[in-house]
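See below for the structure under consideration.
Numbering (full-length UniProt numbering), first residue to last: 1 to 376.
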């Protein structure tokens with residue numbers, strides 16, 4: 001009727017929340033401006049955690065891969081997003097550049113944890129970034145009472161993880177070497193808690209760490225390779241995986257299967273596939289017929305072959321550089337990139353080229369977008 005007033009329908013807040021939690025980060029950033037109530041909901045820890053869990057669940061059917069380009073854009077680090085499904089590439093889009101540094105010489109990038117990554121330099125410039133929200137935080141200088149000189153950029157390693165506890169906390173773990181000549185067992189370890197904004201020392205491991213491979217986070221534990229020796233010796237005596245529990249802040253070592261056929265940690269790489277820590281040979285030999293990926297059974301502390309990939313089905317140009325990099329899994333498929341990160345393969349019983357990028361990437365990593373703040 002003409003004189004009838006428009007009725008306002010009040011949608012229950014629980015239903016609104018269930019709808020919002022399924023939206024991407026960019027949409028949620030806009031919807032925060034709809035009302036104070038919506039903004040408060042989206043910024044609440046409960047909603048951020050729920051959205052985080054939902055984004056993780058999407059990783060079963062699709063995977064987001066972020067690539068860091070060698071080019072600099074607007075005085076920042078250029079990024080691109082690739083969304084991959086079992087049928088191929090869904091979408092490729094640029095991200096806003098990360099303007100974390102004034103200088104880009106000698107920087108390193110950590111593996112992500114819940115959408116957060118660390119960009120850092122050997123000169124102790126630490127930046128925590130969420131590329132999806134563009135949130136950025138400069139981590140205070142730990143100022144250790146040690147001098148750094150010589151080729152110290154090799155001897156610093158940093159990663160971010162989340163502890164498994166009643167009240168989970170995000171922490172940054174930093175390994176560094178204060179004895180440049182590596183005469184003494186001098187690995188040091190410091191931990192930065194995001195909520196308290198403080199650094200503190202923890203008891204270091206009884207070994208050196210291998211600084212040329214990123215720290216990997218899984219289920220409240222940070223993993224890296226232990227480097228016990230100056231020169232390669234027998235594999236069984238030297239190479240182990242070092243695990244640091246973020247809740248108890250204690251170390252333990254895990255033996256690596258000798259069946260992989262490597263003599264030292266320099267020949268190994270590590271990643272997370274199907275929620276398991278996996279190791280594989282860093283480089284493929286001409287004599288190799290299969291590329292094997294070994295998965296860790298954390299309860300049994302043993303290794304098993306998760307994938308044995310027939311190298312003969314790969315295109316010849318894929319093996320240029322002799323390095324094959326597994327990125328993620330979708331159902332029964334493994335996403336693998338070439339050495340220069342320009343060719344992507346979705347591998348199951350047979351391989352197919354997914355995508356050929358027109359640019360060379362500095363670094364690529366599996367990633368999912370979250371609302372997690374750098375000040376969490």
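Don't be surprised by glycine CBs; every beta carbon is placed ideally from N, CA and C.
- As a beta-bridge residue in DSSP terms, residue 81 pairs with 66, 93.
- Proximity of the segment 281 to 293 to the segment 240 to 258 falls short of the contact definition, fewer than three beta-carbon pairs being nearer than 8 Å.
- In the displayed model, residue 22 falls within coil according to three-state DSSP, outside both helix and strand.
- Contact between residue 347 and residue 336 holds: CB atoms are separated by about 6 Å, below the 8 Å threshold.
- Bounds of the beta strand (DSSP E) holding residue 217 are 216 to 218.
- Note: residue 133 is not bridge-paired with any residue in the DSSP secondary-structure output.
- Taking 7 Å as the cut-off, the Cβ atoms of residue 223 and residue 243 count as close.
- By the 16-neighbour rule on beta-carbons within 10 angstroms, residue 87 is exposed.
- In this structure, residue 160 and residue 189 do not form a Cβ contact; the two beta carbons are roughly 14 Å apart against a cut-off of 8 Å.
- Going by DSSP, residue 56 is part of no beta strand (DSSP E) but of the alpha helix (DSSP H) stretching over 45 to 57.
- Under the DSSP assignment, residue 200 falls in the beta strand (DSSP E) whose first and last residues are 198 to 201.
- In the structure shown, residue 210 falls within a coil segment according to DSSP collapsed to helix, strand and coil.
- Secondary-structure assignment with DSSP links residue 303 through a beta bridge to 296.
- Beta-bridge analysis with DSSP links residue 171 to 161, 193.
- The bridge partners DSSP lists for residue 227 are 208.
- As the crow flies, the alpha-carbon of residue 367 is around 9 Å from that of residue 59.
- By the CB criterion at 7 Å, residue 98 and residue 115 fall outside the cutoff.
- Closest by C-alpha distance to residue 117, out of 123, 125, 107, 129, is 129.
- Under the DSSP definition of a beta bridge, residue 285 lacks any partner.
- In this structure, the CA atom of residue 14 is about 21 Å from the CA atom of residue 56.
- Per DSSP, the unbroken beta strand (DSSP E) holding residue 244 starts and ends at 240 to 245.
- Classified as exposed, residue 312 has fewer than 16 neighbouring CB atoms from the shown chains inside 10 Å of its CB.
- Beta-bridge annotation (DSSP): residue 11 is not paired with any residue.
- Less than 7 Å separates the beta-carbon of residue 221 from that of residue 245.
- The segment 300 to 309 and the segment 17 to 36 do not touch, with fewer than 3 CB-CB distances between them shorter than 8 Å.
- Contact between residue 276 and residue 295 holds: CB atoms are separated by about 4 Å, below the 8 Å threshold.
- Under the DSSP assignment, residue 253 falls in the beta strand (DSSP E) whose first and last residues are 250 to 255.
- Contact between residue 54 and residue 11 fails: their C-beta atoms lie close to 19 Å from each other, not under 8 Å.
- For residue 326, the enclosing beta strand (DSSP E) begins and ends at 325 to 330.
- Residue 338: not part of any beta strand (DSSP E); DSSP gives it neither H nor E.
- Beta-bridge partners of residue 310 (DSSP): 290.
- Here residue 256 is near residue 239, since their CB atoms are less than 7 Å apart.
- One alpha carbon belongs to residue 322, the other to residue 334, and they sit about 18 Å apart.
- Taking C-beta atoms under 8 Å as the contact rule, residue 216 and residue 111 qualify, at a distance of about 6 Å.
- In terms of CA proximity to residue 225, 264 leads the group 264, 94, 166.
- Closest by C-alpha distance to residue 165, out of 282, 227, 316, 219, is 219.
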